[in-house]
Amino acid sequence: MPLPHWTSENVLPPGRHQADLSDLYERFVWDAPYRDEREILFSALSGYLGVVCRLIPSGRAWVAGGLAVRSAAVPRDVDVVLIPDEWGALKRLDEPARSTFYGMFTLKGVIAENPAMYLDRVQPVSGLVDGFLCHPGDEDAWEAVWSRGPVPGSVKGFAEVVW
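Under UniProt numbering, think of the first position of the sequence shown as 1, with each following residue one higher.
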């Protein structure tokens, strides 16, 4: 089902809108400025979701961030929150898959060794994706964050990809 058209505020209408990758491409890349930059972000999102779908049998991804608004500013990243259908699937991942999966999330205030350094923020796909994991019962809190519009007090919609 195609994503709805942009509102006059250049966001999706309020609500959660189911979409597949071709729908995301049509609205977030084809129907928005800075197509070259958006192509790169879309490729990062597509690869990110491809890995997630191989690791987690079923779930949802809510897509927001710079890619999901039709702004005059160049989009810098795409925000994704993952909601596995079954939390137990994460616990059953073998060690290599678990390491891959948990390496796909944004981290703040990271101290790395060898060489020792402090990193303010670590994001997947060279900083193009801000990835988060929704714990069971936290969906309402994430929906509230993903629905915040660009102007204080405004509300926007976001895309939901189901696999």
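The C-beta atom is built at its ideal place from N, Cα and C for all residues, glycine as well.
In this text, all values refer to a predicted model and were calculated from it rather than measured experimentally.
Original post:
If you draw a straight line from the alpha carbon of Gly15 to that of Ala116, how long is it in whole angstroms?
Top reply: Position 15 of the sequence shown, counted from the start, is the residue given in the question as residue 15. Position 116 of the sequence shown, counted from the start, is the residue given in the question as residue 116. Roughly 44 Å separates the two Cα atoms.
**OP:** Pull up the DSSP beta-bridge partners for Tyr118, would you.
**Re:** Position 118 of the sequence shown, counted from the first residue, corresponds to residue 118. For Tyr118, which the question treats as bridged, DSSP gives the partners Ile111.
**OP:** Would you please state the rounded distance, in angstroms, between the beta carbons of Lys108 and Arg92? I believe it to be under 8 Å.
**Re:** Here residue 108 refers to the residue found at position 108 when the sequence shown is read from its first residue. Here residue 92 refers to the residue found at position 92 when the sequence shown is read from its first residue. The pair is not a contact, with the Cβ atoms about 28 Å apart (cut-off 8 Å).
Original post:
So, Leu45 versus Val80, is the Cβ gap smaller than 9 Å?
Top reply: Within the sequence shown, residue 45 is the residue found at index 45, counting from 1. Within the sequence shown, residue 80 is the residue found at index 80, counting from 1. Yes, the Cβ-Cβ distance between Leu45 and Val80 is below 9 Å.
Original post:
What whole-angstrom Cβ distance do Val11 and Lys156 have, given they're in contact under 8 Å?
Top reply: Sequence index remark: in the sequence shown, residue 11 carries index 11 (1-based). Sequence index remark: in the sequence shown, residue 156 carries index 156 (1-based). Correct: roughly 4 Å between the Cβ atoms.
Original post:
Taking the alpha helix (DSSP H) that Asp23 falls in, what are its first and last residues?
Top reply: Locating residue 23 in the sequence shown gives position 23, where the first residue counts as 1. From DSSP, the alpha helix (DSSP H) with Asp23 extends over 21-25.
Original post:
Distance, Cα to Cα, Val110 vs Thr100?
Top reply: Along the sequence shown, read from residue 1 onward, the residue named residue 110 stands at position 110. Along the sequence shown, read from residue 1 onward, the residue named residue 100 stands at position 100. Going by the C-alpha atoms only, they are around 17 Å apart.
Subject >> Cβ contact check for the stretch 18-36 and the stretch 127-135: 3 or more pairs under 8 Å >> reply: no
Original post:
For the beta strand (DSSP E) that contains Glu160, what are its first and last residues?
Top reply: Numbered from its first residue, the sequence shown carries residue 160 at position 160. Per DSSP, Glu160 belongs to the beta strand (DSSP E) from 157-162.
**OP:** With Val52 as the anchor, note down where its beta strand (DSSP E) starts and where it stops.
**Re:** Against the sequence shown, residue 52 aligns to sequence position 52. Val52 -> not in any beta strand (DSSP E); alpha helix (DSSP H) instead, spanning 35-55.
Subject >> beta strand (DSSP E) runs wholly inside the stretch 121-159, at least 3 long, in chain order >> reply: 129-133
Original post:
In the structure shown, what three-state DSSP assignment does Val74 receive?
Top reply: The sequence position of residue 74 within the sequence shown is 74, counting from 1. Residue state, collapsed to three classes: coil.
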